[in-house]
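Protein sequence lines, in the order shown, are assigned to chains G and R.
Residue numbers for the first sequence follow numbering that gives the first Met the number 0, beginning at 0 and rising by one.
Residue numbers for the second sequence follow numbering that gives the first Met the number 0, beginning at 0 and rising by one.
In this text, a Cβ means the ideal position worked out from N, Cα and C, and glycines have one as well.
Working notes, structure below.
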Amino acid sequence: MANRPGGELATRPLHFIWICDCSGSMASEGKIQALNTAIRESLPAMKKVAAENPNAQVFLRAIKFASDAEWITSKAEPVDQYKWFDLVANGETRMGKALSLVADALKIPPMTDRALPPVLVLISDGQPTDDFDNGLKQLMNQQWGKKAVRIAIAIGRDADLDVLQKFIGHSELKPFEAKNAEMLVQQIKWVSTAVVQSVSAPASQAPGQVGPGINVPIPKAPDNIVNSTPGSEVW
Amino acid sequence: MKGYSHERLNKPNQDRILFFQDPDKGLPIVLAISDGHGGSGYYRSERGAQFAVESAIEMCKQFLETNKNLLIGENFSQKRLKETLCRSIVDEWNKRVARDIQENPTPNEDSSDKTDIVKSKRPVEQNISTPYGATLLTAIVTNSELIFLQLGDGDILIISDNGDSIRPLPRDPRLIGNETTSLCTREAWDDFVTGAISLKSVSPALIMASTDGYANSYPDEESFQKVGQDILNLICKDEAGVNAGLDSVESSFKEWLNETSEKGSGDDITVGIIGNILLIKEYSNKLPHII
Chain G
0 MANRPGGELA TRPLHFIWIC DCSGSMASEG KIQALNTAIR ESLPAMKKVA
50 AENPNAQVFL RAIKFASDAE WITSKAEPVD QYKWFDLVAN GETRMGKALS
100 LVADALKIPP MTDRALPPVL VLISDGQPTD DFDNGLKQLM NQQWGKKAVR
150 IAIAIGRDAD LDVLQKFIGH SELKPFEAKN AEMLVQQIKW VSTAVVQSVS
200 APASQAPGQV GPGINVPIPK APDNIVNSTP GSEVW
Chain R
0 MKGYSHERLN KPNQDRILFF QDPDKGLPIV LAISDGHGGS GYYRSERGAQ
50 FAVESAIEMC KQFLETNKNL LIGENFSQKR LKETLCRSIV DEWNKRVARD
100 IQENPTPNED SSDKTDIVKS KRPVEQNIST PYGATLLTAI VTNSELIFLQ
150 LGDGDILIIS DNGDSIRPLP RDPRLIGNET TSLCTREAWD DFVTGAISLK
200 SVSPALIMAS TDGYANSYPD EESFQKVGQD ILNLICKDEA GVNAGLDSVE
250 SSFKEWLNET SEKGSGDDIT VGIIGNILLI KEYSNKLPHI I
């Protein structure tokens, strides 16, 4: 409409960030291949959910961390244009550095204060080899770091669940434990759809009404993606 | 106006607006806007928003009558304004909520347990007024000053007679994401942000108050603040004069807001505008007119 007052209109951005462990241990037992496959296969469903929520614009970005941490793409890309580049595993587990990169990206600016709460998904099979607490502190010092929906996926039995729980910051929301490739696919798909759906249209609420550490109602994950079937544990 | 996503999802409009203008003298004017929370636990927030605007108008009128010989900005610190006026609004809102619960004790309305979401096992702050949770923005114009009260998200702009747009209240850093301070929390009166500005220091052609669905439909502050400036220009540039410009803006607003919600936040949007016709005409006279 020609006379409509105000500048250009914009839907609210929703930043979704994968934070992926690419340390050497991820090379064993097909973990890194499973991770690549799981994220790539989840993209069509994620695009569909994003399209069903026209007032949110979902942007995707990923960080890989091993002996260093770096963004896989230089900037956040709209989900419908996003392509996954296969990760290769090699090196240490600089998870703290990865979180500090996320903290930088969540500063206002470059983030707008009109965004929807970001979704951060930390996926790891091991223990941090750098100063995790410092990285987490930097993240939580940012307003959007505190308000972000933080999900963690532990791959295999050697993952540090305590560290992932600290990242989540809410005692009722546990890290997923992927014990085989199929579980990893299901968990990543759930995060890419159910969580994105929930965050795309969050209803306003008074502080602390859902519970300490959660400011967006997060749907409960179905049992079949939380619990492995007996004998299916590979990792 | 009901938001695009609320229309799509068949949710109600949870915004409310109410104003008072002294019928004899024209002043004071009190404008109140409220946005009921949309979360599933706030199943009576439309009523909470209605009680909010009614309480604000009533208590502001009483406050102004009691203090009619005082300049509020000079005699009331922010702390005192919160302890008096804001507290009285919150108390009145709680009374109306309590009365409503007594008259409509239907706990089955509670939808908070129907959604299967992750919940804390630790105690979460809940009180009987939680289902009615709502924000409140209030703008008061007297013959000597402007008074603003804000609890929760939403925006108040002053568009001065030179076309500049300013925010009279500082942004509350707690209001980011979907969390908002609210009438339903304990000591809600203390969470208000308040301000009083003498009319000697500002010449407001327009005062605009809006629920957060409006500002959230723009990518940045500049694009949003342009709303007020554009409205003033649209009023003034109507070839048939300022009064016709006002009518034209008023009749176009619903369509503008429909488009704004659809292409922007998707949220309900409510806007209240107080205009000073003399200052609008002065601004209009300063504009270059094509003959």
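_Local Cβ density within 10 Å of S110/R, reported as buried at 16 or more and exposed below that_ = For this step, residue 110/R is matched to residue 111 along the second sequence. Its pLDDT being 47, under 50, S110/R is placed unreliably in this model, and the value from its coordinates should be taken loosely. Exposed, because fewer than 16 other Cβ atoms sit within 10 Å of the Cβ of S110/R.
*I217/G in three-state terms, based on DSSP*: Translated into positions along the first sequence, residue 217/G becomes position 218. In the structure shown, I217/G sits in coil (DSSP, three-state: anything other than H, G, I, E or B).
*If you run the structure through DSSP and keep just helix, strand and coil, what is S41/G?*
As a working note, residue 41/G is residue 42 in the first sequence. Three-state result, S41/G: helix.
_Rounded to the nearest angstrom, what separates A243/R and N12/R at their Cα positions?_
For this step, residue 243/R is matched to residue 244 along the second sequence. For this step, residue 12/R is matched to residue 13 along the second sequence. Spanning the two alpha carbons is a distance of roughly 30 angstroms.
_If I follow the unbroken alpha helix (DSSP H) through F19/R, where does it start and stop?_
As a working mapping, residue 19/R is identified with position 20 in the second sequence. For F19/R, no alpha helix (DSSP H) encloses it; the enclosing beta strand (DSSP E) starts and ends at D14 to Q20.
*Indicate the three-state DSSP secondary structure (helix, strand or coil) for S202/R in the structure shown.*
Mapped onto the second sequence, residue 202/R falls at position 203. Three-state DSSP puts S202/R in coil, outside helix and strand.
*How would you label N52/G, buried or exposed, when you count the other beta carbons within 10 angstroms and need 16 or more for buried?*
Stepping through the first sequence from its first residue, residue 52/G is reached at position 53. Looking at its Cβ environment, which holds 16 or more other Cβ atoms inside 10 Å, N52/G is buried.
*Looking at C-alpha atoms only, which residue of H14/G, G5/G and S24/G is the closest neighbour of R156/G?*
Position 157 of the first sequence, counted from the first residue, corresponds to residue 156/G. Nearest of H14/G, G5/G and S24/G to R156/G, Cα basis: S24/G.
_Considering Cα atoms alone, identify which of T141/R, T65/R, Y131/R and S222/R is closest to D99/R._
Taking the second sequence and counting its residues from 1, one reaches residue 99/R at position 100. Per the Cα distances, Y131/R.
*Exposed or buried, what is N93/R when buried is set at 16 or more other beta-carbons lying within 10 Å of its beta-carbon?*
Mapped onto the second sequence, residue 93/R falls at position 94. N93/R should be labelled buried.
*T65/R: contacting residues in chain G (beta-carbon distance under 8 angstroms)*: Walking along the second sequence from the start, residue 65/R turns up at place 66. In chain G, no part has a C-beta under 8 angstroms from the C-beta of T65/R; the shortest such distance is about 30 angstroms.
*Using CA coordinates, which residue listed in N177/R, T184/R, F191/R and G271/R is at the minimum distance from P201/G?*
Within the first sequence, numbered from 1, the residue matching residue 201/G stands at position 202. The shortest C-alpha separation from P201/G is found at N177/R.
*Run down chain G in chain order and give the residues with a C-beta less than 7 angstroms from the C-beta of E221/R.*
Counting from 1 along the second sequence, the entry for residue 221/R is found at position 222. In chain order: G6.
*Let me know the secondary structure DSSP gives E53/R once reduced to three states.*
Position 54 of the second sequence, counted from the first residue, corresponds to residue 53/R. Of the three classes helix, strand and coil, the one that applies to E53/R here is helix, per DSSP.
*Could you tell me whether the Cβ of N2/G comes closer than 9 angstroms to any Cβ of chain R?*
Locating residue 2/G in the first sequence gives position 3, counting from the first residue. Put simply, the CB of N2/G is near chain R, with a gap under 9 angstroms to one of its CB atoms.
*Counting only the same chain and skipping the five closest in sequence on each side, list residues whose C-beta sits under 6 angstroms from that of A180/G.*
Counted from its first residue, the first sequence places residue 180/G at position 181. Result list for A180/G: A33, in chain order.
*Just list the beta strand (DSSP E) runs in the region 68-131 of chain G, keeping only unbroken ones of 3 residues or longer that don't cross its boundaries, in chain order.*
68-70 and 118-123
_Y81/G versus D219/R - alpha carbon distance_ = For the purposes of this step, residue 81/G is taken as the residue at position 82 of the first sequence. For the purposes of this step, residue 219/R is taken as the residue at position 220 of the second sequence. So the two alpha carbons sit approximately 25 angstroms from each other.
*Going by beta carbon distance, what residues of the same chain come within less than 7 angstroms of A44/G, once the five residues before and after it are set aside?*
Residue mapping note: residue 44/G aligns to position 45 of the first sequence, counting from 1. Hits under 7 angstroms: K188, S191 and T192.
*To the nearest angstrom, report how far apart E261/R and E249/R are at their CA atoms.*
Along the second sequence, read from residue 1 onward, the residue named residue 261/R stands at position 262. Along the second sequence, read from residue 1 onward, the residue named residue 249/R stands at position 250. Near 19 angstroms, if we compare the C-alpha coordinates of E249/R and E261/R.
*May I have the straight-line CA-CA distance separating G194/R from K280/R, to the nearest angstrom?*
In the second sequence, residue 194/R corresponds to position 195, counting from 1. In the second sequence, residue 280/R corresponds to position 281, counting from 1. G194/R and K280/R: Cα-Cα distance of roughly 27 angstroms.
*Taking 9 angstroms as the CB-CB cut-off, is N214/G touching chain R?*
As a working mapping, residue 214/G is identified with position 215 in the first sequence. Closer than 9 angstroms to some Cβ of chain R, the Cβ of N214/G qualifies, so yes.
*Taking 9 angstroms as the cut-off, decide whether the C-beta atoms of L115/G and I18/G are in contact.*
The count along the first sequence starts at 1 and reaches residue 115/G at position 116. The count along the first sequence starts at 1 and reaches residue 18/G at position 19. Cβ atoms of L115/G and I18/G: not closer than 9 angstroms.
*Please classify G40/R: is it buried, with 16 or more other beta-carbons within 10 angstroms of its beta-carbon, or exposed?*
Looking up residue 40/R in the second sequence gives position 41. Result: buried.
*How many angstroms separate the CA atom of I348/R from the CA atom of L205/R?*
An answer regarding residue 348/R cannot be provided, because it is not within the stretch 0 to 290 covered by chain R.
*asked:* So D229/R contacts chain G; which residues on that side make the cut at Cβ distance below 7 angstroms?
replied: On the second sequence, residue 229/R is found 230 positions in, with the first residue counted as 1. Ordered by position in chain G, the residues that pass the 7 angstroms Cβ test against D229/R are P4 and G5.
*Under 6 angstroms Cβ to Cβ from S4/R, same chain only, skipping five residues before and after it: list those, please.*
On the second sequence, residue 4/R is found 5 positions in, with the first residue counted as 1. Cβ within range, chain order: G265.
*Integer Cβ distance of A177/G from Q186/G, believed to fall under 8 angstroms*: Here the question's residue 177/G lines up with position 178 in the first sequence. Here the question's residue 186/G lines up with position 187 in the first sequence. With a Cβ gap of about 6 angstroms, A177/G and Q186/G count as contacting.
*To which residues of the same chain is K46/G closer than 7 angstroms at the C-beta, ignoring the five residues directly before and after it?*
Counted from its first residue, the first sequence places residue 46/G at position 47. Cβ within range, chain order: V78 and D79.
*asked:* Excluding the 5 residues flanking P122/R on each side, which residues of the same chain have their C-beta closer than 6 angstroms to its C-beta?
replied: Numbered from its first residue, the second sequence carries residue 122/R at position 123. Note on P122/R: pLDDT 49, under 50, position unreliable in the model; the coordinate value appears next. Excluding sequence neighbours, P122/R sits near nothing in its chain.
*asked:* Would the region 85-92 of chain G count as touching the region 117-134 of chain G if we require 3 or more Cβ pairs under 8 angstroms?
replied: yes
*Within the same chain, show all residues whose beta-carbon is closer than 8 angstroms to that of I127/R, passing over the 5 residues directly before and after it, in chain order.*
On the second sequence, residue 127/R is found 128 positions in, with the first residue counted as 1. Result list for I127/R: V96, A97 and I100, in chain order.
_Distance check for S199/G and H14/G, CA to CA, integer angstroms please._
Position 15 of the first sequence, counting from 1, holds the residue named residue 14/G. Position 200 of the first sequence, counting from 1, holds the residue named residue 199/G. So the alpha carbons of these two residues sit roughly 10 angstroms apart.
*By the criterion of Cβ-Cβ separation under 8 angstroms, what are the contact partners of T111/G in chain R?*
Translated into positions along the first sequence, residue 111/G becomes position 112. P218 and D219, listed in chain order.
*Could you tell me whether the Cβ atoms of R15/R and V52/R are closer together than 9 angstroms?*
Translated into positions along the second sequence, residue 15/R becomes position 16. Translated into positions along the second sequence, residue 52/R becomes position 53. With contacts defined by Cβ atoms closer than 9 angstroms, R15/R and V52/R form a contacting pair.
*Using the Cα positions of I167/G and K146/G, report the straight-line distance between them to the nearest angstrom.*
Reading the first sequence from its first residue, position 168 is the one you call residue 167/G. Reading the first sequence from its first residue, position 147 is the one you call residue 146/G. Distance between the alpha carbons of I167/G and K146/G is about 11 angstroms.
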